[in-house]
Structure formats: structure tokens, C-alpha cells
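Peer 1: Under this note's numbering, the sequence shown has 187 at position 187, and the numbering climbs by one with no breaks.
Glycine is no exception: its CB is placed at the ideal position from the N, C-alpha and C atoms.
Take a look at the following structure, please.
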Amino acid sequence: MNGQDDAMKSAMELFAARLAKRDVARSITDHRTVERLIAMLEPHEQQVVRLRIGLGPSPALTLAATAKIVGVSPSRIGQIEDKAFRRIRWVCNNIDIHDRSALDALIARRRDEAAEAERIRKRDALQKALDQERKRKAKQDRDEVRRAKARDSAWNHKLRVAQAELDRMKSDAQFFAEQIAQIEQRANWLRAILPRDRQLAALREQADEIRDAIASAEASISNMLASPPDGPQLGKEASTNDGH
């Protein structure tokens, strides 16, 4: 019990010494008053002050030891401690700290301010997260539009190439048909004199091959038109090609 009393006395003396360094005329050694003054601080300030004066399970700690527990640099611990005691100095110089109701009102107000600050912090953090998600989604949408346009462009290029090849084959087929018709229209006696039968057979074979190629190309184009890619530019170009 004496050990606890000694630890409490030491903590109160350290607290009073730190106030004296900051031009606080009053000597505050009552632990209840000290606890109430510390209670008005922000949570991280309370932790630092308690560790530094030894108000708790451990004796007073150095800046380095406190920094190791809190997880910041020793210089940062010094800044937090100095700010905390400036707050306490203001209270001691402007409020009757022995007026319990006045001190309680101040503590309540500081807690409300801290709660409001935390609410604003959480609100801002949430808004930041929402903004980041909105930007991520917008980028995702832009990327998808870009990929869709690329797919659409490639599809339309392939369709144009296939259509051009089909047109060329149809032109060749028309040429073969005209050549065959010219030969077939000649009189039999002229065909007997001139060696045209072999040429006619070759033309007919080429005409059959081109018809098969045309049928295959038309089927391929029909399959392409039946399964176009998803893309914002598809409607205009596909309808143009389809009506070719």
C-alpha cells in the first residue's frame, strides 16, 4: 500500500513540476483534481501524460521509452506532452479547478468537441473512400469503353475485309459466267473446229470453285453479323456493312 502511495505521490509531484515549468502559479497535488484535468485532454495526450509522470502501472518513463510504447518519435512525444500541458495551463489560469461543476462542464465540452472532431474525421474518411471508389469505377468504365471500341473496330475491319473479298469473288464468278456463256453460244461446228471444249471445262471448274468459296464467305459473314461484339460504336458501322 505504501508503494502505491509513493508512486501516486511521485506522479503528483512530477505533474506539479511540469505545471510550474509552464508558469502555473497553483500547486496541484490532489490526485482527483489531476485526474479530472487529464480527463479533458485528447486520448493520445492522456496516454502520453500518464506515461511521462508515472500515473499508472509503470513508473515515469523517458521520452524514448514513451515513444517506443506509443509508436512515434521521442521528439513527437515531447510535442504532444507540451501541447497537453498548455491545455492544462489554460484551464488552471482561467477556471476555478476546485469548482467541480465548472471543471466537469469543461471536461464534457472537450469530450463533445473531441467526439465532433472524430465524427468529422470519419465523415471525411468515408467521403474520401467514396471519391476514390467513384474514380476507380469511372476509370474502370473508361477502360471498358476503350476495350469495347477496340473490339468493335477489329470486328468491323474483319467484316470489311471479308465483304471486300466476297465482292471480288462475285466479280470473278460473273467473269467466268460470261466467258462460259460466250463459248456455249458458238455453233457446234465452230466449237468442233476450235479446241474450246477443254477451255470450257476449265472455266466451269473454276466457276464451281468460286461458287463454293462465295457460299463459304457468305456463311462466314452471316456468322459474324449474328454475333457482333459489345461496343458503343457497333450500331452505325454494323448496319452500314449489313446493308452493303
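(1) Measure the C-alpha to C-alpha separation of residue 31 and residue 12 and round it to an integer number of angstroms.
(2) Give, in chain order, every unbroken run of the alpha helix (DSSP H) that is at least 4 residues long and sits entirely within the segment 5-52.
(3) Buried or exposed for residue 84, please, with buried defined as at least 16 other CB atoms from any protein chain shown within 10 angstroms of its CB.
(4) By the DSSP assignment, the alpha helix (DSSP H) with residue 98 in it spans what residues?
(5) Leaving out the 5 sequence neighbours to the left and right, which residues in its chain are closer than 7 angstroms to residue 166 when beta-carbon positions are compared?
(6) Hey, how far is the Cα of residue 41 from the Cα of residue 71?
(7) Quick check on residue 56: does DSSP put it in helix, strand or coil?
(8) Using the C-alpha atoms, what's the distance from residue 158 back to residue 212?
(9) Taking the CB atoms as reference points, tell me whether residue 229 and residue 151 lie closer together than 8 angstroms.
(10) I'd like to know if residue 206 contacts chain C, where contact means its C-beta is closer than 8 angstroms to some C-beta of that chain.
(11) DSSP three-state call for residue 161: helix, strand or coil?
(12) Just the C-alpha distance for residue 62 and residue 28, rounded to the nearest angstrom, thanks.
(13) Report yes if the C-beta distance between residue 51 and residue 69 is below 8 angstroms; otherwise report no.
Peer 2: Taking the geometry as given:
(1) Numbered from 1 along the sequence shown, position 31 holds the residue referred to as residue 31. Numbered from 1 along the sequence shown, position 12 holds the residue referred to as residue 12. For residue 31 and residue 12, the distance between alpha carbons rounds to 7 angstroms.
(2) 31-39
(3) One-based indexing of the sequence shown puts residue 84 at position 84. When all chains shown are included, residue 84 counts as buried.
(4) Walking along the sequence shown from the start, residue 98 turns up at place 98. Here residue 98 belongs to no alpha helix (DSSP H), and DSSP marks it neither H nor E.
(5) Translated into the one-based positions of the sequence shown, residue 166 becomes position 166. Cβ within range, chain order: 214, 217, 218 and 221.
(6) As a first step, residue 41 must be located in the sequence shown, where it is residue number 41. As a first step, residue 71 must be located in the sequence shown, where it is residue number 71. If I take the Cα positions, the gap works out to 19 angstroms.
(7) Taking the first residue of the sequence shown as 1, we reach residue 56 at position 56. Looking at residue 56 - three-state DSSP - the assignment turns out to be coil, as it is neither helix nor strand.
(8) Along the sequence shown, read from residue 1 onward, the residue named residue 212 stands at position 212. Along the sequence shown, read from residue 1 onward, the residue named residue 158 stands at position 158. Their Cα atoms are separated by approximately 20 angstroms.
(9) Position 229 of the sequence shown, counted from the start, is the residue given in the question as residue 229. Position 151 of the sequence shown, counted from the start, is the residue given in the question as residue 151. A contact, by the Cβ cut-off of 8 angstroms.
(10) Absent from the structure is chain C; it holds one protein chain and no more.
(11) Here the question's residue 161 lines up with position 161 in the sequence shown. Three-state DSSP puts residue 161 in a helix.
(12) Residue numbering aside, residue 62 sits at position 62 when the sequence shown is read from its first letter. Residue numbering aside, residue 28 sits at position 28 when the sequence shown is read from its first letter. Answer to the nearest angstrom: the Cα atoms are 22 angstroms apart.
(13) On the sequence shown, residue 51 is found 51 positions in, with the first residue counted as 1. On the sequence shown, residue 69 is found 69 positions in, with the first residue counted as 1. A contact, by the Cβ cut-off of 8 angstroms.
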